[in-house]
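Per my numbering, the very first residue in the sequence shown carries number 57; after that it's consecutive.
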Amino acid sequence: MSRFMERLRERTAAGHVQPLELALADWCLRHGGTEPVALAMVLASRAVNDGHSCLRLDTLEPAIPGEAPLLPAEAFMEALDASPLVGTPGDAAPLIHDGPRLYLQRYWQYETRLAARLGHLLAQPPEPVDTARLARDGGLFDYSWVDPGETHWQPVAAATALRHRLTVISGGPGTGKTYTVLRLMRLLIESAAAQGSPAPVIRLAAPTGKAAARMLESVRAGLDRLPDAEAVRTLLPDRADTLHRLLGLTQASTQPRHHRDNPLPADAVIVDEASMVDLPMMAKLAEALPDHARLILLGDRYQLASVESGSVLAELCDAAGVNAFSTDQHRALGELMGDDAAPAGATSALGDHVVTLRTSHRFHADSAIGRLAAAINTGEGDGALAVGAEESPDLELRLGTTVDVDHLVEQMVAAYLPLEQATDRDTALDALEAVRLLTATRVGPAGSEHLNQRIHERLAARQGRDPQQRWYHGRPVMVLQNDYRAGLFNGDTGVCLADGAGGLRVWFRTSEGARSLLPSALPGHETVYAMTIHKSQGSEFTRVTLLLPEADTPVLTRELLYTGITRAREQLTVVGPAAVFQAGIERRTHRESGLAERLRGSSE
Numbered sequence: 057m058s059r060f061m062e063r064l065r066e067r068t069a070a071g072h073v074q075p076l077e078l079a080l081a082d083w084c085l086r087h088g089g090t091e092p093v094a095l096a097m098v099l100a101s102r103a104v105n106d107g108h109s110c111l112r113l114d115t116l117e118p119a120i121p122g123e124a125p126l127l128p129a130e131a132f133m134e135a136l137d138a139s140p141l142v143g144t145p146g147d148a149a150p151l152i153h154d155g156p157r158l159y160l161q162r163y164w165q166y167e168t169r170l171a172a173r174l175g176h177l178l179a180q181p182p183e184p185v186d187t188a189r190l191a192r193d194g195g196l197f198d199y200s201w202v203d204p205g206e207t208h209w210q211p212v213a214a215a216t217a218l219r220h221r222l223t224v225i226s227g228g229p230g231t232g233k234t235y236t237v238l239r240l241m242r243l244l245i246e247s248a249a250a251q252g253s254p255a256p257v258i259r260l261a262a263p264t265g266k267a268a269a270r271m272l273e274s275v276r277a278g279l280d281r282l283p284d285a286e287a288v289r290t291l292l293p294d295r296a297d298t299l300h301r302l303l304g305l306t307q308a309s310t311q312p313r314h315h316r317d318n319p320l321p322a323d324a325v326i327v328d329e330a331s332m333v334d335l336p337m338m339a340k341l342a343e344a345l346p347d348h349a350r351l352i353l354l355g356d357r358y359q360l361a362s363v364e365s366g367s368v369l370a371e372l373c374d375a376a377g378v379n380a381f382s383t384d385q386h387r388a389l390g391e392l393m394g395d396d397a398a399p400a401g402a403t404s405a406l407g408d409h410v411v412t413l414r415t416s417h418r419f420h421a422d423s424a425i426g427r428l429a430a431a432i433n434t435g436e437g438d439g440a441l442a443v444g445a446e447e448s449p450d451l452e453l454r455l456g457t458t459v460d461v462d463h464l465v466e467q468m469v470a471a472y473l474p475l476e477q478a479t480d481r482d483t484a485l486d487a488l489e490a491v492r493l494l495t496a497t498r499v500g501p502a503g504s505e506h507l508n509q510r511i512h513e514r515l516a517a518r519q520g521r522d523p524q525q526r527w528y529h530g531r532p533v534m535v536l537q538n539d540y541r542a543g544l545f546n547g548d549t550g551v552c553l554a555d556g557a558g559g560l561r562v563w564f565r566t567s568e569g570a571r572s573l574l575p576s577a578l579p580g581h582e583t584v585y586a587m588t589i590h591k592s593q594g595s596e597f598t599r600v601t602l603l604l605p606e607a608d609t610p611v612l613t614r615e616l617l618y619t620g621i622t623r624a625r626e627q628l629t630v631v632g633p634a635a636v637f638q639a640g641i642e643r644r645t646h647r648e649s650g651l652a653e654r655l656r657g658s659s660e
């Protein structure tokens, strides 16, 4: 064994190198690669594991993780260029060197294929839009809260989606994304009827079962506020699917049933919580879209990106700017554009396709949670602390130098008692969504694993239950893996309840309604009194307690804090060291990718 592999094995034993990375390096050396190429394989794999779609080479120090550089950067690049295992775009090599980036072959394929499909949508000529139905006197949108001369971004978003094949509608909680989409779907139906065409086939989807269920619930609730809803009720979609189900992905294969040669039967695909969609899934979705169809992505540009590789929504939004429309788009939307929305003139290829909704109807101007989220978004640490220093019924910043975890556990035990006292599924599921403890990390004293165990033990003692008992009435659980047969997906949450006959059932709310399974039928799962902020994406809770780690950590970023804070509908408590809170506000998430650059190139 070479000294290089010995060092990799030592770093693996020490936890600095993953077993998969070690295996890739070994494969590389056994297939004609040199040590620098094996190191490149390790680093490219690590980049994907860290959420990047590629490895940036022009700022790289080629080193075994945790050690000094293996060789100078110039010699490293020469070794890559000389290796048959490293190809250029279009080659069938394990590693692809494309400009300043190095890709694993599969992720180069995902990125280039996604860029090609999105580029096709961007290249389609804009369609004319009759803005009368969307205007102040059109009766479809509520203008009562919009001042004369001010742009109402909800109808602008709908008009943009009517005008283009690709549209991103970004907005934080309560900004009206579902409200807008419901009216957009009605306009698509009305437009088809006016042309004597059949009603369009519209598909609703989200990355998780939980998010799909919430999307459908929001659409159904919004029908009550849609003018003359009965005229289109039967033509609107009556289900929302996970992207896995929509595309026909199963555990048996990574190849979806719907793809370029067998596209989805759809005229428009609307995806909620799109910030959670990773690069591979977005590429598969884009390729499964028929050439004539619209793709409409809903999400929050400031929220965390997917746990997996890529940050497609954020990258599209960053490249577009904030409502930076061209002169042509501004002119085409006419009276919808207020005095506060001057055209940007020269804009990116994406500028006309991304609309950012700015007004939250959940967090009003005087809402402390809303103002805290805004301060965090702009990196204003002092401003965030100032908001927290005010007396507010919806926000408490409990920041100091240490955290009394025992006191916090006791508070959460009291908050979760209604879960064990619930006597029916709806009461229990409502209680599950009423309160949640969120953490930045999974392990450690302030991690979700430790806190789940502590809360479980204290509840067991309070109820006189054996703490070793795994299944009991009121146990909240979270699914950790997709199970297509059970109809449950990673991140879905449910609660275990006595069935009245001496048994237990675990209840979930899904896009197809409430359903229950025997505990033995569940896929991988864990107790969920506390959950990481990453796992909370796509969820909302009436009251949220956000616990910060005891010391600063790279995972604590502005986007993580914003995501955690905006999970709260009515009340938020942030607990932790003030210095850790401010350090998180100052740190931005960065995902390395070439997608935006490819889209710019495809439009030139």
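Cβ atoms here follow ideal geometry from the backbone N, Cα and C, with glycine treated the same way.
Proximity winner among the options, relative to residue i (alpha-carbon distances)
{"i": "Arg270", "options": "Thr613, Glu596, Glu606 and Gly640", "result": "Glu596"}
{"i": "His738", "options": "Gly71, Glu62, Leu158 and Met587", "result": "Nothing can be reported for residue 738, as the shown portion of the chain is limited to 57 through 660."}
{"i": "Ala131", "options": "Pro182, Arg654, Leu113 and Thr458", "result": "Leu113"}
{"i": "Leu333", "options": "Glu371, Ala349, Pro321 and Ala324", "result": "This sequence places Val at residue 333; Leu is not what is there. The shortest Cα separation from Val333 among Glu371, Ala349, Pro321 and Ala324 belongs to Glu371."}
{"i": "Asp548", "options": "Gly304, Asp608, Ala570 and Pro312", "result": "Ala570"}
{"i": "Glu329", "options": "Leu354, Pro319 and Arg350", "result": "Leu354"}
{"i": "Gly503", "options": "His386, Thr434, Val631 and Ala557", "result": "Val631"}
{"i": "Arg714", "options": "Pro399, Pro293, Gly146 and Leu351", "result": "Outside the shown range of the chain (57 to 660) lies residue 714, about which nothing can therefore be said."}
{"i": "Ala262", "options": "Arg281, Gln307 and Ser331", "result": "Ser331"}
{"i": "Leu515", "options": "Leu369, Arg427 and Val469", "result": "Val469"}
{"i": "Glu582", "options": "Arg656, His72 and His506", "result": "His506"}
{"i": "Arg654", "options": "Ala380, Ala375, Pro449 and Glu436", "result": "Ala375"}
{"i": "Leu413", "options": "Pro532, Gly550, Tyr235 and Leu455", "result": "Tyr235"}
Neighbour-count burial assignment, residue i, 16 or more Cβ in a 10 Å radius
{"i": "Gln359", "result": "buried"}
{"i": "Trp686", "result": "Outside the displayed range of the chain (57 to 660) lies residue 686, so it cannot be described from this structure."}
{"i": "Pro336", "result": "buried"}
{"i": "Ala296", "result": "buried"}
{"i": "His646", "result": "exposed"}
{"i": "Gly594", "result": "buried"}
{"i": "Asp539", "result": "buried"}
{"i": "Arg86", "result": "exposed"}
{"i": "Arg59", "result": "exposed"}
{"i": "His463", "result": "exposed"}
{"i": "His417", "result": "exposed"}
{"i": "Val443", "result": "buried"}
Supposed close pair residue i, residue j - CB separation, criterion 8 Å
{"i": "Ile425", "j": "Ala634", "result": "Rounded, the Cβ-Cβ distance is 18 Å, inconsistent with contact."}
{"i": "Leu177", "j": "Leu222", "result": "4 Å"}
{"i": "Pro243", "j": "Ala214", "result": "Note on identity: in this sequence residue 243 is Leu, with Pro being the wrong assignment. That belief holds up - the Cβ atoms of Leu243 and Ala214 are roughly 6 Å apart, short of 8 Å."}
{"i": "Val98", "j": "Ala81", "result": "5 Å"}
{"i": "Leu324", "j": "Pro254", "result": "Here residue 324 is Ala; the residue named in the question, Leu, does not match the sequence. Actually they are not in contact, since the Cβ atoms of Ala324 and Pro254 sit about 13 Å apart, beyond 8 Å."}
{"i": "Leu560", "j": "Pro579", "result": "That pair is no contact at about 17 Å."}
Local conformation of residue i per DSSP, three classes
{"i": "Met271", "result": "helix"}
{"i": "Asp334", "result": "coil"}
{"i": "Gly426", "result": "helix"}
{"i": "Ala82", "result": "The identity of residue 82 in the sequence shown is Asp, whereas the question assumes Ala. Helix."}
{"i": "Val443", "result": "helix"}
{"i": "His15", "result": "A query on residue 15 cannot be resolved here, the shown segment of the chain reaching from 57 to 660 and no further."}
{"i": "Val469", "result": "helix"}
{"i": "Met133", "result": "helix"}
{"i": "Gly558", "result": "coil"}
{"i": "Thr412", "result": "strand"}
{"i": "Tyr618", "result": "helix"}
{"i": "Gly377", "result": "coil"}
{"i": "Ile432", "result": "helix"}
{"i": "Arg498", "result": "coil"}
{"i": "Gly543", "result": "coil"}
{"i": "Ser365", "result": "coil"}
{"i": "Gly175", "result": "helix"}
{"i": "His512", "result": "helix"}
{"i": "Arg162", "result": "helix"}
{"i": "Leu238", "result": "helix"}
{"i": "Glu648", "result": "coil"}
Sheet register partners of residue i (DSSP bridge)
{"i": "Ala586", "result": "Leu493"}
{"i": "Phe597", "result": "Ala624"}
{"i": "Ala324", "result": "Ile258 and Arg350"}
{"i": "Trp39", "result": "One cannot answer for residue 39 here, as it falls past the ends of the chain, which runs 57 to 660."}
{"i": "Met534", "result": "Thr549 and Glu582"}
{"i": "Pro633", "result": "Gly456"}
{"i": "Pro125", "result": "Ala119"}
{"i": "Arg157", "result": "Arg112 and Asp154"}
{"i": "Ile225", "result": "Leu354 and Val411"}
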